[in-house]
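In the numbering used here, the protein residues as written are 111 to 928.
Quick reminder that beta carbons are idealized off the backbone N, C-alpha and C, glycines included.
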Amino acid sequence: DETPPPPLPPSDLRKAVWAYIHAAPALPNGGERIGEATCPITPWPHQVRAFHRMYDDWPPRLLIADEVGLGKTIQAGLILRQAWLAGRAGRILVLAPKAVLTQWQIELREKFNLNWPIYDGKKLSWYPSRGLEGNAVRVADRDRWHAEPCVLASSHLMRRRDRARDLLETADPWDLIVLDEAHHARRRGGGAGASDHRPNQLLRLMQGLRYRTKGLILLTATPMQVSPVEVWDLLNLFGLPMEWHAEAFVRFFEYAAQPMPGHAEMDAMAAQFRSIESAFGEVSETEARNAMPGMRKLKVRKILRALRDTASIPRRQMETDERRAAVRLMKAHTPVKRLVSRHTRRLLQNYHKAGKLDTRIATRDVRDHFVTMTDAERDVYNAVENYISSTYNNADPDKRTAIGFVMTVYRRRLASSFFALAHTLENRLGAVTGQYAAVPDDADRLEEDVLEDELAAEVMDEQDAAEMEAQTLALEEQDDLEILLERTRRLPTDTKTAVLLDEIDALRAEGYKQVMVFTQYTDTLDFLRSKAARRFGPEAILCFSGRGGEVPEPGGGWRRIDRDETKRRFREGRAEVMLCTDAAAEGLNFQFCGALINYDMPWNPMKVEQRIGRIDRLGQAFETIRIINLHYEDTVETDVYQALRERIDLFTNFVGKLQPILAKLPKALSDATLGRADDKDRARSALVSDIAADAEALDEAGFDLDEAVAEDLTEPDRPEPLYGLPELQRILSSGNLLPPGIEASLLGTKDFTYLAPGMNAPVRVTTDPDFFDAHPESTELWSPGGVMFPVFEMSIDQNEVDRAAFLKAIHGRDGFTG
């Protein structure tokens, strides 16, 4: 018998372990899975596909356009974590709207164990976790903040000209940039046919940054606003073949939509097809057959040859069925197919039915409840409408942008609740009379006011809103505001509130024990919670807004709690009704809750879809989720939503084709609201008619995003990860394998007390994903990339990276680790 090799000495064992830990993410055949295997999440099949599209073809260029609730942030987090661990990306910039930056930071830490700082224009702020020991904030000079290797920053801030210059001229190039809510980068005038084709500030910034980064990932659930040219604007950030310029892009889909494209059209499309093959690689026969089902192999080859031939004769000789099949093939291989990853609920439902996806996708039961105002409410409603239109139309043209914004704020708050309207009138009256030195500096309120305007040519932020509000002070009349405020205050409890409480009762009787209620405004939330607490008991109510979570105090009043406590209370069933604002909607993922009520309806339907996405998520516990929309009857908003529900089944079916209609609504509703009082009925009828005409035109439109990216959900063959959290648990349990000076002692069954050189006190750590998910505030996940995970300083020879030695060390086969 062969004599076994002698056991490695302890120092060599430790070296073998840490050389392998740090080098393995960059190794083939399993190294690419270490980022996923050492973080707390398990991705769904469509998220795995998107990850491999980006990681296997480095550097990545991809627009992720999944519907709300299908995990775009998960897909981005997977690539960020793996690229960072493997050393492919040493400099990473994440740009996102200010309203979701904190949510990005939380998601990266809790789901991917990456605690990256937010830059707010003055300082860098990390998530204040136990492992940072108070070092969570650092002042950062404008010429140095971008030296941070990985950083999150506001796209609203960075689009400003001076800030954009910092990124484009001062900062070193990046290895990877992620832009969230990428649809904000668009033309000033919208899509095709618009007179203003200039890029807005964010699109201009991104057009410069494309040359300052190796990889670029764009995220949006709203990939098309008005025209396919806006999709082209985003895809062109990746660099498109010259044959796919903007006009050719739009023309291609127009030609493809024709019943039988002519010879010239087929030649133009074929030239574009050849350019795609030149840029992205030839279409295989298998791919071609998938695009032309039922077509025999010889005909498939004939069609491919005809399309690849620069002469037009082979295409002119194709039979009718071959021409139609050729068009299908060309439509299946465009820049959209190559550069966009899109998944819809309908697609995932189909795969669940086909047995390719274990998790069921819930069915939506959407109902509208139309609330009739009392005579007194209708009188106030009409008075406010008349004030809005007269104030706007009497203003000088150069003042109308600012005063139009303020007047639409009145209108939206009126549509939410009369209480919210009263509070707004009080604030404006106080500013007009000088009770306040200026418009109250209320960041949460201003954020609520600008959330609706995301589809404007230039997306507003709170600073823009404050400036517009200040400009309009001189144009508002004290007497008018006092009269409106007095009439609003005299109203009894909002009629819609009684309807809400009855709907909650009805849902509970049907087995929906927990209900989420959404409103746009904290003022409305404050009003509703007192009514709901009186009806259902204070202990049944939980609130979440820009102020954070709030629960009732035993003696009255409301006590603030942190986000994790808010989520935990609702998840554990310690509250039956959660009242939320749109400002807090991101990050509330409650698959256990099966019912949601929209107390008010935002002008931007995407906001409603984002609300629904809080419960309509993969893993929803209820087979059917209930969505109830409350509307004041006989208002322009209600007429529009009724038309949308009847024509395109809004909120039940939500697909890319609907985007052109939905994108027009905020501006169209604003125009109808600000129009002259004597013209309102005509404007309302025209708006509804336009929606009907647009819905009809959709059936004839050439560009359908979902059709352009249709793909199967087959998972790629994947090797086992080279190591994961179980292996890290063994290392943590064996003190002899930890770097010198580090102590770890078991506390319970899944957590450890952990002390390293330089630390003032021990920190609780774990390698168990469920334990970390339950205690993210008090625990650090001990895995690569985390603040507690050691970077063992040593020189590593590639020949020393030995998987066998690593496994032997952690499994203790020579008796060393026990």
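DSSP, reduced to helix, strand and coil, places Y461 within a helical segment of the structure shown.
Contact between the stretch 461-480 and the stretch 725-744 is present, with at least three C-beta pairs closer than 8 angstroms. Note on geometry: alpha-carbon atoms of M578 and S780 lie some 16 angstroms from one another.
The stretch 196-238 contains, as complete beta strand (DSSP E) runs of 3+ residues, the segments 202-206 and 233-235 (chain order). Looking at G200, W342, S451 and V288, the one whose alpha-carbon comes closest to that of E817 is S451.
For L319 and G349, the gap between their C-alpha atoms comes out near 12 angstroms. Assigned with DSSP and collapsed to three states, T183 falls in helix. Contact annotation, T598 with A532: C-beta distance approximately 4 angstroms; criterion of less than 8 angstroms satisfied.
One thing to note: L205 has its Cβ no nearer than 8 angstroms to the Cβ of I327. For R727, there is no enclosing beta strand (DSSP E), as DSSP marks it with neither H nor E.
Excluding residues up to 5 positions away in sequence, A530, L531, T534 and Y631 lie with their Cβ nearer than 7 angstroms to the Cβ of R523 in the same chain. With a 10 Å radius around the Cβ and a threshold of 16 neighbouring Cβ atoms, T420 comes out exposed. Classified as exposed, E682 has fewer than 16 neighbouring CB atoms from the shown chains inside 10 Å of its CB. Segment contact: the stretch 219-238 against the stretch 191-209, three or more CB-CB distances shorter than 8 angstroms; contact assigned. The beta carbon of A493 lies closer than 7 angstroms to those of L594 and R597 in the same chain, with the five residues before and after it left out. The three-state secondary structure of H132, taken from DSSP, is helix.
Rounded to the nearest angstrom, the gap between the Cα atoms of N310 and R298 is 5 angstroms. Contact between R296 and D343 holds: CB atoms are separated by about 6 angstroms, below the 8 angstroms threshold. Nearest Cα to L278 within the set D377, Y321 and C149: Y321. R474 is bridged by DSSP to I735.
A Cβ-Cβ distance of about 4 angstroms is found for the pair A281 and H256, placing them in contact under the 8 angstroms criterion. For T484, the CB contacts under 7 angstroms within the same chain, skipping 5 residues up- and downstream, are T605 in chain order.
Around the beta carbon of A914, fewer than 16 other beta carbons sit within 10 angstroms, so the residue counts as exposed. A contact is defined here as three or more CB-CB pairs under 8 angstroms, and the stretch 151-167 fails this definition with respect to the stretch 837-855.
Contact between the stretch 476-490 and the stretch 745-755 is present: 3 or more CB-CB pairs across the two stretches fall below 8 angstroms. Leaving aside the five residues that flank D489 on each side, none in its chain has a CB nearer than 6 angstroms to its CB.
Uninterrupted beta strand (DSSP E) stretches at least 3 residues long and entirely within the stretch 619-655 occur at 625-629 and 651-655, given in chain order. DSSP places D816 in the helix class (H, G or I) of the three-state scheme. By the C-beta density criterion, E830 is exposed, having fewer than 16 other C-beta atoms within 10 angstroms. For the 8 angstroms CB-CB criterion, L917 and A147 do not form a contact. Counting only runs of 4+ residues, the alpha helix (DSSP H) found wholly inside the stretch 250-307 occupies 265-268 and 271-275, in chain order. Less than 8 angstroms divides the Cβ of R425 from the Cβ of A416.
Apart from the 5 residues on each side of it in sequence, V247 sits with its Cβ closer than 8 angstroms to the Cβ of K233, L234, S235 and W236 in its chain, given in chain order. Annotation: R757 to N708 spans about 20 angstroms, alpha carbon to alpha carbon. Within the same chain, and ignoring the five residues on either side of E142 in sequence, the residues whose Cβ sits closer than 7 angstroms to its Cβ are Y165 and Q192.
Taking C-alpha positions only, G145 is separated from L188 by approximately 7 angstroms.
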